[in-house]
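Peer 1: Sequences listed follow chains Y and R, in order. Taking the working numbering, the leading residue of the first sequence gets 4, the next gets one more, and so forth. Taking the working numbering, the leading residue of the second sequence gets 56, the next gets one more, and so forth. Glycine included, C-beta positions come from ideal geometry on N, C-alpha and C. Submitted below is the structure of interest, expressed as structure tokens.
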Amino acid sequence: MRQISYAAAGMEAFIEEMERDPTTFHLSTDAPPPLVERFGTSRVRGTPIAEGALTGMAIGAAGSGFRPIIDWRMVTFSFVAMDQVVNQASKIHYMFGGQTKFPILYRCTVGGGLRMAAQHSQSPYSMFMNLAGLKMILPSTPYDTKGLLKTAIRDNNPVISFESTRLLTMMGEVPEEEYTIPFGVADIKREGKDVTIVALAWLVHEALAAAETLEAEGISVEVVDPRTLVPMDTETIRASVRKTGRLVVADEAGPTCGASAEIATLVTEDSATFKCLKASVRRVCALQVPIPYSPTLEDVVFPNREKIAAAVRVVMTEA
Amino acid sequence: MEISSEKQRDMLRLMQTIRRFEERASTDYVAGDIYGTVHCYIGEEAVAVGVCSALNRDDQIISTHRGHGHCIAKGADLNRMMAELYGRETGYCKGKGGSMHIADFDIGMLGANGIVAGGISIITGAGLAAQIEGKGRVAVSFFGDGASCAGPFHESLNIAAAWKLPMVYVCENNLWAVNTAASTTLAVQDVAARAAGYGIPGIVVDGNDIFAVHAATTEAVTRARAGDGPTLIECKTYRHRRHTERPSQPDVRPQAEIDAWMKKDPIDRLVDHLQAQQGQLSVEEWQAMDAEILQQVEDSVSFAKASAFPSPDRVTDDVFAA
Numbered sequence: 004m005r006q007i008s009y010a011a012a013g014m015e016a017f018i019e020e021m022e023r024d025p026t027t028f029h030l031s032t033d034a035p036p037p038l039v040e041r042f043g044t045s046r047v048r049g050t051p052i053a054e055g056a057l058t059g060m061a062i063g064a065a066g067s068g069f070r071p072i073i074d075w076r077m078v079t080f081s082f083v084a085m086d087q088v089v090n091q092a093s094k095i096h097y098m099f100g101g102q103t104k105f106p107i108l109y110r111c112t113v114g115g116g117l118r119m120a121a122q123h124s125q126s127p128y129s130m131f132m133n134l135a136g137l138k139m140i141l142p143s144t145p146y147d148t149k150g151l152l153k154t155a156i157r158d159n160n161p162v163i164s165f166e167s168t169r170l171l172t173m174m175g176e177v178p179e180e181e182y183t184i185p186f187g188v189a190d191i192k193r194e195g196k197d198v199t200i201v202a203l204a205w206l207v208h209e210a211l212a213a214a215e216t217l218e219a220e221g222i223s224v225e226v227v228d229p230r231t232l233v234p235m236d237t238e239t240i241r242a243s244v245r246k247t248g249r250l251v252v253a254d255e256a257g258p259t260c261g262a263s264a265e266i267a268t269l270v271t272e273d274s275a276t277f278k279c280l281k282a283s284v285r286r287v288c289a290l291q292v293p294i295p296y297s298p299t300l301e302d303v304v305f306p307n308r309e310k311i312a313a314a315v316r317v318v319m320t321e322a
Numbered sequence: 056m057e058i059s060s061e062k063q064r065d066m067l068r069l070m071q072t073i074r075r076f077e078e079r080a081s082t083d084y085v086a087g088d089i090y091g092t093v094h095c096y097i098g099e100e101a102v103a104v105g106v107c108s109a110l111n112r113d114d115q116i117i118s119t120h121r122g123h124g125h126c127i128a129k130g131a132d133l134n135r136m137m138a139e140l141y142g143r144e145t146g147y148c149k150g151k152g153g154s155m156h157i158a159d160f161d162i163g164m165l166g167a168n169g170i171v172a173g174g175i176s177i178i179t180g181a182g183l184a185a186q187i188e189g190k191g192r193v194a195v196s197f198f199g200d201g202a203s204c205a206g207p208f209h210e211s212l213n214i215a216a217a218w219k220l221p222m223v224y225v226c227e228n229n230l231w232a233v234n235t236a237a238s239t240t241l242a243v244q245d246v247a248a249r250a251a252g253y254g255i256p257g258i259v260v261d262g263n264d265i266f267a268v269h270a271a272t273t274e275a276v277t278r279a280r281a282g283d284g285p286t287l288i289e290c291k292t293y294r295h296r297r298h299t300e301r302p303s304q305p306d307v308r309p310q311a312e313i314d315a316w317m318k319k320d321p322i323d324r325l326v327d328h329l330q331a332q333q334g335q336l337s338v339e340e341w342q343a344m345d346a347e348i349l350q351q352v353e354d355s356v357s358f359a360k361a362s363a364f365p366s367p368d369r370v371t372d373d374v375f376a377a
């Protein structure tokens with residue numbers, strides 16, 4: 004099968020969906036040339052640097068029968084649009100009694116590792132998960148990126164796509180044929196029997212690398228990628244933990260009120276799953292600090308394959 | 056442009072409907088039948104009706120926290136409005152929104168909004184949709200003097216002007232942001248002056264003169280439909296009542312200022328205008344019109360009271376669309 008990058012897979016999703024649906028249009032502070040060439044400057048607009056206005060405009064256009072795609076670029080820039088995300092987009096369908104739909108895709112990159120310092124290295128998806136009314140995807144492969152973005156554009160709700168900066172150049176198999184990936188369906192990236200690692204985005208790959216190392220030590224690791232944070236495939240995660248009896252959660256974000264905390268709770272608050280636990284649940288997250296610039300500092304902040312493997316060894320040795 | 060006497064009477068009817076609806080909403084709020092809070096538009100009716108009477112049904116508007124007037128002026132159903140205030144399942148939002156979140160997308164009313172300036176970019180997106188669609192629709196943003204100091208106003212006007220979106224921005228300058236005088240927060244005397252920064256027309260009108268509002272809007276709408284871009288219209292007006300109907304709501308406005316504006320009541324002015332012209336509106340006709348309106352408001356309360364509260368098991372409905 005052909006291989007394309009994570010970034011190229013996203014662009015393919017946009018091209019296919021914009022061809023398929025003339026009510027889609029794309030706003031971002033830089034218009035992507037491949038989209039401008041195909042769809043023209045009416046549907047693909049380079050905008051003023053006014054993310055607050057763009058985020059709100061998407062809501063009005065969606066309520067008028069369109070399917071806007073707004074590229075915030077980095078999640079950093081979504082924060083200047085938080086009124087529109089929190090007070091408007093997430094609530095408007097419910098608050099107005101469901102009288103019309105608001106199909107919107109907000110897109111941004113997340114994550115660190117590029118020596119971009121605190122403002123440009125963030126993974127704040129749990130801030131958005133805390134709201135009711137937004138769906139969100141967090142793909143880890145080119146295949147998942149394309150399939151989930153196509154579903155996101157067709158969804159009738161505001162969806163945020165968090166795309167990992169570290170993975171943009173990653174190559175992976177993406178078929179030529181049309182496909183979509185449903186929301187709320189986790190992907191078991193590796194099957195195993197001793198420990199479940201639920202990993203997000205870039206850490207899926209670090210978890211897979213850790214699993215290789217651990218296999219040599221006789222530890223069989225299952226790697227579960229939720230792929231969508233809202234809705235979360237609770238049942239697949241619980242079923243995996245009921246099988247292995249051990250859980251490690253790996254997330255590039257900090258631990259406090261993070262997606263990792265949510266995943267750990269989904270497992271421990273379910274009595275059938277809790278009874279299967281043979282060890283405490285461990286999280287491998289970023290340190291709870293603003294992300295620093297200097298390599299010697301940034302490198303200690305983020306989780307990686309070694310830290311994941313170490314956490315697995317701990318849960319394997321707990322009584 | 057000449058407005059027919061029939062249309063003038065329709066305008067009067069809508070203005071008086073807003074007033075009577077809100078007088079009743081205030082009474083029922085204080086009595087405890089309506090929850091949360093109620094912001095009355097009374098005194099500013101000529102703006103909503105003057106603007107909306109210059110629009111087509113498929114043109115779109117967005118409102119503010121003070122939204123009943125815009126709803127009624129755009130053609131919303133009194134029964135469903137009152138039922139929403141009463142928190143009933145027959146309300147516009149099935150009882151999930153209340154006074155600050157009434158919307159009716161079928162008539163192009165994209166919602167009241169509890170965040171000052173929160174609607175301006177949303178309706179600008181409706182204007183973008185109208186431009187891409189190319190069917191000649193226009194979109195109108197209502198907001199106050201306070202919102203004109205907020206970021207969304209400036210971001211939206213810049214985009215609308217740069218892209219020549221079919222927009223009309225209507226500032227209802229009632230001189231006060233809750234209890235802070237606009238004269239102490241605006242860097243310019245007129246909000247309309249801010250249009251110059253975006254290279255678009257900025258017009259000041261007497262917001263209590265419905266004909267002036269209507270004429271300015273008609274010109275702005277014509278310009279928007281022709282593809283010549285947005286207009287900022289500042290309507291100088293005044294709310295007769297406190298910021299909200301909460302009995303403990305303070306009101307620091309000088310009594311002399313309130314008294315002076317009460318003398319410029321927009322409904323009185325339209326009634327006087329019609330009555331000054333032979334045969335346009337007799338005293339009896341005006342009394343009959345008012346009685347009909349009062350009955351409609353009474354009917355809306357009956358409708359609301361006869362409607363069920365939403366069932367608790369509906370609480371998770373509509374978080375997401377299907």
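With a cut-off of 8 Å, do at least 3 Cβ pairs link the segment 96-108 of chain R to the segment 201-213 of chain R?
Peer 2: no
Peer 1: If you drop the 5 nearest sequence neighbours on each side, which residues of the same chain put their C-beta closer than 6 Å to that of L212 of chain R?
Peer 2: Y253
Peer 1: Nearest to Y296 of chain Y by alpha carbon, out of Y:V83, Y:G115, Y:F17 and Y:W75?
Peer 2: The candidate whose alpha carbon is nearest that of Y296 of chain Y is Y:G115.
Peer 1: Quick check: is the beta carbon of Y147 of chain R nearer than 8 Å to any beta carbon in chain Y?
Peer 2: yes
Peer 1: Would you give the residue range spanned by the alpha helix (DSSP H) that R76 of chain Y belongs to?
Peer 2: Careful: R76 of chain Y lies outside any alpha helix (DSSP H), inside the beta strand (DSSP E) at R70 to M77.
Peer 1: Are N234 of chain R and V307 of chain R touching if we call contact CB-CB under 8 Å?
Peer 2: yes
Peer 1: Tell me whether C95 of chain R counts as near the ligand GDP, meaning its Cβ is closer than 7 Å to at least one heavy atom of that ligand.
Peer 2: Absence of the ligand GDP from the depicted structure is noted, as is the absence of any ligand whatsoever, leaving it without description.
Peer 1: Taking the CB atoms as reference points, tell me whether D236 of chain Y and A289 of chain Y lie closer together than 8 Å.
Peer 2: no
Peer 1: Shorter than 8 Å from the beta carbon of R46 of chain Y to some beta carbon of chain R?
Peer 2: yes
Peer 1: Kindly say whether A131 of chain R, judged by its beta-carbon, lies nearer than 8 Å to any beta-carbon of chain Y.
Peer 2: no
Peer 1: Are any of the Cβ atoms in chain R nearer than 8 Å to that of Y97 of chain Y?
Peer 2: yes
Peer 1: Would you grab the beta carbon distance between V113 of chain Y and M139 of chain Y for me? Rounded to a whole angstrom, and I think it's under 8 Å.
Peer 2: Actually they do not touch by this definition, with Cβ atoms about 10 Å apart.
Peer 1: Would you call P309 of chain R buried or exposed, if buried means 16 or more other Cβ atoms sit within 10 Å of its Cβ?
Peer 2: exposed
Peer 1: Just list the alpha helix (DSSP H) runs in the segment 179-221 of chain R, keeping only unbroken ones of 4 residues or longer that don't cross its boundaries, in chain order.
Peer 2: Listed in chain order, they are 206-217.
Peer 1: If I measure Cβ to Cβ from V268 of chain R and keep anything under 7 Å in the same chain, skipping five residues before and after, which residues do I get?
Peer 2: Counting only residues of its own chain and dropping the five nearest sequence neighbours on each side, V268 of chain R has a CB closer than 7 Å to the CB of A101, V102, G105, V106, V260, G262 and C290.
Peer 1: For a test of the three-state rule: what should DSSP assign to S167 of chain Y, helix, strand or coil?
Peer 2: Reduced to three states, the DSSP call for S167 of chain Y is strand.
Peer 1: Three or more C-beta pairs closer than 8 Å, one from the segment 76-86 of chain Y and one from the segment 130-141 of chain R: is that the case here?
Peer 2: Contact annotation: the segment 76-86 of chain Y does not touch the segment 130-141 of chain R, with fewer than three C-beta pairs closer than 8 Å.
Peer 1: Would you mind telling me which residues of chain Y sit closer than 8 Å to D373 of chain R, beta carbon to beta carbon, in chain order?
Peer 2: H96, Y97, G100 and G101
Peer 1: Under 8 Å between the Cβ atoms of V225 of chain R and V246 of chain R?
Peer 2: Against a cut-off of 8 Å, the Cβ pair of V246 of chain R and V225 of chain R comes out as no contact.
Peer 1: At which residues does the alpha helix (DSSP H) containing L57 of chain Y begin and terminate?
Peer 2: E54 to A65
Peer 1: Enumerated in chain order, which unbroken segments of the beta strand (DSSP E) with a length of 3 residues or greater are wholly contained in the segment 97-131 of chain Y?
Peer 2: 107-113
Peer 1: Does the beta-carbon of I52 of chain Y have 16 or more other beta-carbons within 10 angstroms, so that it is buried, or is it exposed?
Peer 2: exposed
Peer 1: Going by C-alpha to C-alpha distance, which of R:Q186, R:L140, R:L67 and R:R64 sits closest to V85 of chain R?
Peer 2: R:L140
Peer 1: If we ignore side chains and look at the alpha-carbon of each, how far apart do H94 of chain R and L69 of chain R end up?
Peer 2: 18 Å
Peer 1: Interface residues of chain B around P309 of chain R at Cβ under 8 Å?
Peer 2: Given the protein chain composition of this structure (Y and R), no chain B is represented.
Peer 1: Note down, in chain order, all residues in the segment 120-146 of chain Y with a beta-carbon under 8 Å from any beta-carbon belonging to chain R.
Peer 2: A135, G136 and K138
Peer 1: From what residue to what residue does the alpha helix (DSSP H) around E225 of chain Y run?
Peer 2: Note, E225 of chain Y: premise wrong, no alpha helix (DSSP H); beta strand (DSSP E) at V224 to D228.
Peer 1: Check the Cβ of P51 of chain Y against every Cβ in chain R and list those closer than 9 Å, keeping chain order.
Peer 2: For the C-beta of P51 of chain Y, the chain R residues within less than 9 Å are, from N- to C-terminus, E210, N213, I214 and A217.
Peer 1: With 9 Å as the limit, tell me which residues of the segment 238-265 of chain Y have their beta carbon closer than that to any beta carbon of chain R; keep them in chain order.
Peer 2: none
Peer 1: For R241 of chain Y, which residues in the same chain have their Cβ closer than 8 Å to its Cβ, ignoring the five residues on either side in sequence?
Peer 2: L269, V270, D273, A275 and T276
Peer 1: What residues from chain R crowd round F69 of chain Y, counting only those whose CB sits closer than 9 Å?
Peer 2: G180, L183, A184, I187 and E188
Peer 1: Less than 8 Å between the C-beta atoms of E209 of chain Y and I311 of chain Y, yes or no?
Peer 2: yes
Peer 1: Mind pulling the beta strand (DSSP E) runs of 3 or more residues that sit fully within the segment 281-305 of chain R?
Peer 2: 286-291
Peer 1: So V201 of chain Y and R249 of chain Y are supposed to be a Cβ contact under 8 Å. How far apart are they, rounded?
Peer 2: Contact flag wrong, Cβ pair sits at about 11 Å.
Peer 1: Please say whether T27 of chain Y and E20 of chain Y have beta carbons closer to each other than 8 Å?
Peer 2: yes
Peer 1: Kindly indicate if chain Y contains any beta-carbon less than 8 Å away from that of I170 of chain R.
Peer 2: Yes, contact with chain Y.
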